[in-house]
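Quick mapping for you: the protein sequence lines, in order, are chains E and X.
Numbering-wise, full-length UniProt numbering puts 13 at position 13 of the first sequence, and it's gapless, one number per residue.
Numbering-wise, full-length UniProt numbering puts 138 at position 138 of the second sequence, and it's gapless, one number per residue.
Cβ coordinates follow ideal geometry from the N, Cα and C atoms, glycine included.
Model, not experiment: these values are computed from the prediction.
One structure is given below, encoded as structure tokens.
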Amino acid sequence: MLDATQNSSLPARPGVGYKAQHYSDIMENPGPLGWLEIHAENYMGDGGRPIAQLRHLSERFPISVHGVGLSIGGEGDLDADHLDRLKHLVSWLNPASFSEHLAWSTHDSHFFNDLLPLPYTPQTLARVAAHINQVQDTVGRQMLLENPSSYLAFAESTMSETDFLRELTQQTGCGLLLDVNNVFVSATNLKTSPQAYIDDFPLEAVGEVHLGGHDEDADETGAPLLIDSHGKAVVDPVWALLDYTLARSGPKPLLIEWDTDVPAWSILAEEIARADRALALVTS
Amino acid sequence: MTVTQAAFKAAMLDPAAAVPPGIVNPDGAAASKRFDVYRNNVAVSLSDALETAFPVIRKLVGDAFFRAMAGVYIRKHPPKTPLMMFYGDAMPDFIGRFEPTKSIGYMPDIARIELAMRHAYHAADASPIKPEALSTLAPDALMGAKMRIAPATQTVISNYPIHAIYLANTQTDAPKPVMQPEAALITRAGFDPQIHLINAAATTCIEALKSGQSLGQAMATADDTVDLGAVLGLLLAQGAVTEIY
Chain E
1 MLDATQNSSL
11 PARPGVGYKA
21 QHYSDIMENP
31 GPLGWLEIHA
41 ENYMGDGGRP
51 IAQLRHLSER
61 FPISVHGVGL
71 SIGGEGDLDA
81 DHLDRLKHLV
91 SWLNPASFSE
101 HLAWSTHDSH
111 FFNDLLPLPY
121 TPQTLARVAA
131 HINQVQDTVG
141 RQMLLENPSS
151 YLAFAESTMS
161 ETDFLRELTQ
171 QTGCGLLLDV
181 NNVFVSATNL
191 KTSPQAYIDD
201 FPLEAVGEVH
211 LGGHDEDADE
221 TGAPLLIDSH
231 GKAVVDPVWA
241 LLDYTLARSG
251 PKPLLIEWDT
261 DVPAWSILAE
271 EIARADRALA
281 LVTS
Chain X
1 MTVTQAAFKA
11 AMLDPAAAVP
21 PGIVNPDGAA
31 ASKRFDVYRN
41 NVAVSLSDAL
51 ETAFPVIRKL
61 VGDAFFRAMA
71 GVYIRKHPPK
81 TPLMMFYGDA
91 MPDFIGRFEP
101 TKSIGYMPDI
111 ARIELAMRHA
121 YHAADASPIK
131 PEALSTLAPD
141 ALMGAKMRIA
151 PATQTVISNY
161 PIHAIYLANT
171 QTDAPKPVMQ
181 PEAALITRAG
191 FDPQIHLINA
201 AATTCIEALK
211 SGQSLGQAMA
221 TADDTVDLGA
231 VLGLLLAQGA
241 VTEIY
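Pasting the structure below:
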């Protein structure tokens, strides 16, 4: 049985979601950057520049492999071919961490390229736990599971998200990836308290923290509807929620995620510096 | 009250469908605009993947047209795997049958070139032999020799000037296309795929070599318009031959 509290060999330093256009900047002037995260699916080709760059980067930085396509919450079986591709990537790269999402993205062999929501029920819990066990057995290592951004709720849910995640760590020994922006987005959208969510979250199982930007919209009643877009700077209330979290969890590996409208390296470097300062506040 | 993933999917892919009962806002009321976030994310992310995959097609038809066409494509050909880098394999045939584009004869073949460039970019790395390796072969052994061709190497043949059209839409100083049949060879010596204009009959020859036939057999598949020496020279110079055996 894996131990959910032994969950990451990433350093408790700032990391960034790797984009190929930043390759030279990262190699020449990483600043406080301590590690990199890649999306697993972008490195499942047979060769070429992406794989070669990843090999070079991995000689210099710890790498976190973050999957976006496994559909761990899917009602159907996991895609065995995709699981094999993941196993292959993890086995040659030997990354410091491997993570995926509490979501589904495939149904009847139809992949949607989005992270779709789950009701929190004992039935869902049993299914997700079985899938996590299958992933960890196949890939041969512990995985981290990321909390989603929620836009809506399921009337059928009987558990809170934090209880659901805690139960998964206890049943499977998986660790957790705490996305603080997702916490803020979900709490705003579902009219709950982000601090209360952090208070309820099993922080001892957290192996990595994500920070990203979101878009602001409103639903048909005029209530705020935040959308997890990864296309902007992290907003001040999310930085404040990070401080709140780190004060309780202690230092954690912090990732800046910026996946759409990707800015120049100098802009990301400012976000990385700010994450570094947040860590300094809790590092004795 | 249980919302199955089948019901979620059906409603997500049909903008006119009602949101499944059981999906609610924080006040317990129906949440259609919230559900639209997923409808939008799925459509936009798949459409973006196609834009990335087919920049020349997009340039040829324009942004608005491409978006509309992608909207039809993603419903007809949803991805079967999470590998977005290879999404769009059915695009050439789709364009050839799609009512507004089916009369534009060269378009499917341009899409084939874009697919080939993309597959070449992600193909397995290869260790090419030196271009002079062929000259060390005894003349009587030449026709029986076989070649292993680098995995990135691909050909596209067309009744239209696809090489010229591709260049005119990817390079600033490319000459104006002239109406004639053209064939293209795609190779990848380092990390960046390159496109070359080749004789149409030479594609048969190259495909024969790829399938493991000897030089003599490959030559027999081509007509006398093929300069085998030039074809081999191009393959060798572009690092497309990994072994002679």
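Looking at A273 of chain E and P14 of chain E, is the spacing between their C-beta atoms short of 9 Å?
Cβ atoms of P14 of chain E and A273 of chain E: closer than 9 Å.
Return the chain-ordered ranges of every alpha helix (DSSP H) run that is complete within the UniProt domain "Putative DNA-binding" (4-95) of chain X and spans a minimum of 4 residues.
Runs of the alpha helix (DSSP H) inside the UniProt domain "Putative DNA-binding" (4-95) of chain X: 5-13, 32-53, 55-61, 63-76.
Starting from Q53 of chain E, follow the alpha helix (DSSP H) in both directions and report where the run begins and ends.
Per DSSP, the continuous alpha helix (DSSP H) segment holding Q53 of chain E begins and ends at 49-60.
What residues in its chain sit with their C-beta under 8 Å from that of I57 of chain X, if we drop five residues either side in the sequence?
So the list reads F66, M91, I95, M107, I110, A111, E114, once near-sequence residues are dropped.
CB-CB under 8 Å to M219 of chain X, same chain, minus the five flanking residues each way: which ones, in chain order?
Excluding residues within five positions, the ones whose Cβ falls inside 8 Å are M143, C205, V226, L228.
Of the listed residues X:S45, X:Y166, X:A124, X:S135, nearest to K59 of chain X (C-alpha basis)
Just measuring C-alpha positions, the residue of X:S45, X:Y166, X:A124, X:S135 sitting nearest K59 of chain X is X:Y166.
Using a C-beta cutoff of 9 Å, does M85 of chain X count as contacting chain E?
With 9 Å as the cut-off, M85 of chain X counts as an interface residue toward chain E.
Please classify W104 of chain E as buried or exposed, where buried requires at least 16 neighbouring CB atoms within 10 angstroms.
Result: buried.
List, in chain order, every chain E residue whose beta-carbon is nearer than 7 Å to that of L46 of chain X.
Those within 7 Å of L46 of chain X in chain E are N113.
contact_flag[the stretch 86-99 of chain E, the stretch 38-49 of chain E] where n(CB pairs < 8 Å) is 3 or more:
As far as the Cβ criterion goes, the stretch 86-99 of chain E touches the stretch 38-49 of chain E, which means the pair count is three or higher.
V68 of chain E (DSSP reduced to helix, strand or coil):
In this structure, V68 of chain E counts as coil in the three-state DSSP scheme.
Let me know the secondary structure DSSP gives I129 of chain X once reduced to three states.
Residue state, collapsed to three classes: coil.
Counting only Cβ-Cβ distances shorter than 8 Å, please list the residues of the stretch 224-247 of chain E near chain X, keeping chain order.
So the list reads L225, I227, given in the order they occur along the chain.
Hey, is M159 of chain E's beta-carbon within less than 9 Å of any beta-carbon in chain X?
For M159 of chain E, the answer is no, since every Cβ of chain X falls outside 9 Å of its Cβ.
According to DSSP, is E207 of chain X helix, strand or coil?
Three-state result, E207 of chain X: helix.
So H122 of chain X contacts chain E; which residues on that side make the cut at Cβ distance below 8 Å?
Chain E residues near H122 of chain X: G45, D46, G47, G48, P50.
Which residues, taken in chain order from the stretch 98-110 of chain E, show a beta carbon closer than 9 Å to some beta carbon of chain X?
Residues W104, S105, T106, H107, D108, S109, H110.
Residue interval of the beta strand (DSSP E) (run including M147 of chain X)
Counting along the chain, the beta strand (DSSP E) containing M147 of chain X begins and ends at 147-149.
Helix, strand or coil for G73 of chain E, going by three-state DSSP, please let me know.
DSSP places G73 of chain E in coil when its eight states are reduced to three.
Please find out if some non-hydrogen atom of the ligand SAH comes closer than 8 Å to the beta-carbon of P139 of chain X.
This structure simply doesn't include the ligand SAH, nor any ligand for that matter.
What would DSSP say about residue 247 of chain X, mapped onto helix, strand or coil?
Residue numbering for chain X in the displayed model covers 1 to 245; residue 247 of chain X lies beyond these limits and cannot be assessed.
Given D223 of chain X, which residues of its chain have a CB within under 8 Å of its CB, disregarding the five upstream and five downstream residues?
Excluding sequence neighbours, D223 of chain X sits near A201.
Nearest to R81 of chain E (by Cα), restricted to the options E:S157, E:M44, E:E28:
One detail in the question is off: residue 81 of chain E reads as Asp in this sequence, not Arg. Out of E:S157, E:M44, E:E28, E:M44 has the C-alpha closest to the C-alpha of D81 of chain E.
Contacts around A123 of chain X, its chain only, beta-carbon distance under 8 Å, and the 5 residues preceding and following it disregarded
Excluding sequence neighbours, A123 of chain X sits near A150, P151, A152, R188.
Exposed or buried, which one is Q5 of chain X when buried takes at least 16 other CB atoms within 10 Å?
Buried: at least 16 other Cβ atoms inside 10 Å.
With 9 Å as the limit, tell me which residues of the stretch 193-220 of chain E have their beta carbon closer than that to any beta carbon of chain X; keep them in chain order.
Residues of the stretch 193-220 of chain E whose Cβ lies closer than 9 Å to any Cβ of chain X, in chain order: D217, A218, D219, E220.
CA-CA distance, residue 286 of chain E and T138 of chain E?
The displayed coordinates of chain E run from 1 to 284. Any statement about residue 286 of chain E would go beyond what the structure contains.
Is it buried or exposed for Y18 of chain E, if we count other Cβ within 10 angstroms and need 16 for buried?
By the neighbour-count rule (16 or more Cβ atoms within 10 Å), Y18 of chain E is buried.
Establish whether the CB of V183 of chain E and some CB of chain X are separated by less than 9 Å.
Not one beta carbon of chain X lies nearer than 9 Å to the beta carbon of V183 of chain E.
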